[in-house]
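Student: Each residue of the sequence shown is one higher than the last, beginning at 145 in the numbering used here. Beta carbons: idealized from backbone N, C-alpha and C, even for Gly. Note that the structure is a prediction, hence the values are computed from the model and not measured. Quick one: this structure, given as structure tokens, is what I'll be asking you about.
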Amino acid sequence: NMDFAQLGSIAREAAVGGSNRQFLRLAIPERKGSLVDALAEFPAGISIINLQYGRVDSADQFPLLGLSGQPEDYLELQRVLSERNVSWEKVDASDLLRFRVINYDATLFRYPLFVEIEFPERPGAFLEFMNRVREISSLCYFNYASTGERVGRALVGMDFDSSADRTSGIELVKSLERGCIRAAREIGPELQAGILGRSTS
């Protein structure tokens with residue numbers, strides 16, 4: 145049984161175009177907006193096709209990025225990362241990708257908000273979204289993999305300093321619909337409790 149929605153996954157598993165893909169693990173400082181700042185420096189020819197990140201108890205955080213680009217784009221990226229003193233390693237064959245293992249410490253989350261976001265598969269869409277919410281939130285979790293569709297879907301965890309900021313964050317995310325994102329849905333209490341390792345009772 146086959147439908148068009150499965151073609152992207154099949155191409156990904158078959159490594160179609162794999163010669164132009166790289167998977168990197170970065171080391172970035174634990175501070176608000178550090179991931180957005182790092183991604184903003186990426187060459188324009190590189191697209192993000194995978195992002196796995198969870199906040200851990202460490203001075204540095206370690207997002208795992210899947211990238212698509214040309215050899216010259218990767219040379220430029222290495223130059224930029226070197227200039228910014230960003231440590232990185234290639235993890236092309238990592239089972240972390242195959243099984244989508246995301247390490248995180250939920251006890252570090254203060255007032256988390258988890259939303260399922262749909263955004264247009266175009267360069268800069270994710271960065272535009274994060275730049276809009278970075279003033280009141282920090283990223284604590286992100287799980288995204290491109291499927292080759294025109295719409296990207298990601299489970300995003302944002303953390304806030306207060307319950308009031310969290311409420312403002314919900315309103316801000318909803319206001320971005322039909323703009324830099326297509327849709328956003330806050331996940332239900334049972335799923336959020338599962339992510340946080342907390343009881344719903």
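By Cβ distance below 6 Å, which residues in the same chain neighbour V235 in space, the five residues on each side in sequence not counted?
Tutor: Indexing the sequence shown from 1 puts residue 235 at position 91. These residues qualify, in order along the chain: F167, R169.
Student: So who's on the other strand from A298, going by DSSP bridges?
Tutor: By one-based count along the sequence shown, residue 298 stands at place 154. In DSSP, A298 forms a bridge with I261, Y288.
Student: Thinking C-beta only, is G323 closer than 9 Å to S281?
Tutor: Sequence index remark: in the sequence shown, residue 281 carries index 137 (1-based). Sequence index remark: in the sequence shown, residue 323 carries index 179 (1-based). No, these two residues do not count as a Cβ contact at 9 Å.
Student: Check this for me: beta carbons of G292 and F270, under 9 Å apart or not?
Tutor: In the sequence shown, counting from the first residue as 1, residue 292 sits at position 148. In the sequence shown, counting from the first residue as 1, residue 270 sits at position 126. Going by C-beta atoms, G292 is not nearer than 9 Å to F270.
Student: Quick one: grab the DSSP three-state call for P207.
Tutor: For the purposes of this step, residue 207 is identified with residue 63 of the sequence shown, where counting begins at 1. In the structure shown, P207 sits in coil (DSSP, three-state: anything other than H, G, I, E or B).
Student: Got a sec, what are the start and stop residues for the alpha helix (DSSP H) S191 sits in?
Tutor: Within the sequence shown, the letter at position 47 stands for residue 191. Taken as a continuous stretch (DSSP letters only), S191 belongs to no alpha helix (DSSP H), being part of the beta strand (DSSP E) at 191-198.
Student: Under three-state DSSP, which class holds I339?
Tutor: In the sequence shown, the residue the question calls residue 339 occupies position 195. Looking at I339 - three-state DSSP - the assignment turns out to be helix.
Student: Can you give the beta carbon distance from L257 to F304, rounded, assuming they're within the 8 Å contact cut?
Tutor: Position 113 of the sequence shown, counted from the first residue, corresponds to residue 257. Position 160 of the sequence shown, counted from the first residue, corresponds to residue 304. Right, their Cβ atoms sit about 7 Å apart.
Student: Give a yes or no on whether the C-beta atoms belonging to R199 and Y248 are separated by under 9 Å.
Tutor: Position 55 of the sequence shown, counted from the start, is the residue given in the question as residue 199. Position 104 of the sequence shown, counted from the start, is the residue given in the question as residue 248. For R199 and Y248, yes; Cβs fall inside 9 Å.
Student: Return the chain-ordered list of same chain residues with a C-beta closer than 6 Å to the C-beta of I325, the five sequence neighbours on each side being excluded.
Tutor: Here the question's residue 325 lines up with position 181 in the sequence shown. Excluding positions up to five away in sequence, the list reads I261, F263, F273.
Student: In chain order, what residues of the same chain lie with their CB nearer than 6 Å to the CB of S231, ignoring the 5 residues before and after it?
Tutor: Numbered from its first residue, the sequence shown carries residue 231 at position 87. The residues are A171.
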